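Chemist: Okay, here's the structure, questions in a sec.
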Amino acid sequence: QGYSCCEQNNCSVYYKDNAGSWGVSNNRKWCGIRNTCLNSNKSCPKAITNMGYRCCSKCNVVLKDKSGRWGVENNQWCGISNSCK
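Take the numbering used here: the last position of the sequence shown gets the number 1192, and nothing is skipped along the way.
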């Protein structure tokens, strides 16, 4: 499609179509979400992904509630992976 992949830890999905999941790069252009990001959501709690949030790339817990453990990355809420202790 002519678009580059998003930066390594840029896993925020802004749009999905039959070509894949799309994000916005640091230079504010569309980019393809890397497979490593999409695979990391397998260990993300369903309660979090069902609300449209992605899993954090790190394990820094900021808040716990009935949905799970939450962190903040790139000024956006994200869920803490089940693989985090």
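Note that beta-carbon positions come from the ideal geometry of N, C-alpha and C, so glycine has one too. Being a predicted model, the structure only gives us computed values, none of them experimental.
1) So K1153 is in the alpha helix (DSSP H); what residue range does that whole segment cover?
2) What residue does the beta strand (DSSP E) around Q1183 start on, and which one ends it?
3) Taking the alpha carbon of S1111 as the reference point, which residue from K1123, R1141, N1125, Y1121 has its own alpha carbon closest?
4) Going straight from the alpha carbon of W1177 to that of Q1115, what length do you get?
5) With 16 as the cutoff for other CB atoms within 10 Å, does C1163 come out buried or exposed?
Modeler: Reading it off the structure:
1) That run of the alpha helix (DSSP H) goes 1153-1156.
2) Element bounds for Q1183: 1183-1186.
3) Ranking K1123, R1141, N1125, Y1121 by CA distance to the CA of S1111 puts R1141 first.
4) Rounded to whole angstroms, the separation of the alpha carbons of Q1115 and W1177 is 21 Å.
5) Buried, because 16 or more other Cβ atoms sit within 10 Å of the Cβ of C1163.
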